[in-house]
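Using this note's numbering, the first residue of the sequence shown is number 3, and each one after it goes up by one. Even glycine gets a Cβ: it sits at the ideal position worked out from N, Cα and C.
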Amino acid sequence: MPKMKTHRGAAKRFKRTATGKFKRAQQGKNHILTKMSSKRKRQLRGLAVVSPADQKRLEKLLPGS
């Protein structure tokens, strides 16, 4: 059986933490930012952890990470 390939699109968007969870960027920070408050833009800067519902799907997409 051939080796599993990493899904390159997912590899660019998600990083695995030391405990095995996945980090992702916050959504809503690309355009139309003028109407958003400075506080909201600042809060969107950090990384979020992927929900447990999507964790299993990401493990299939990123087998080697």
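Asked	Found
For R10, the first and last residue of its enclosing beta strand (DSSP E)	Not the beta strand (DSSP E): R10 falls in the alpha helix (DSSP H), residues 10-15.
Between the CA atoms of M6 and M38 - distance to the nearest angstrom	42 angstroms
Burial state of L35, where buried means 16 or more other Cβ atoms lie within 10 Å	exposed
N-terminal and C-terminal residue of the alpha helix (DSSP H) that R44 is part of	40-45
Candidates K14, H33, A20, N32, of which the one nearest R26 by Cα	K14
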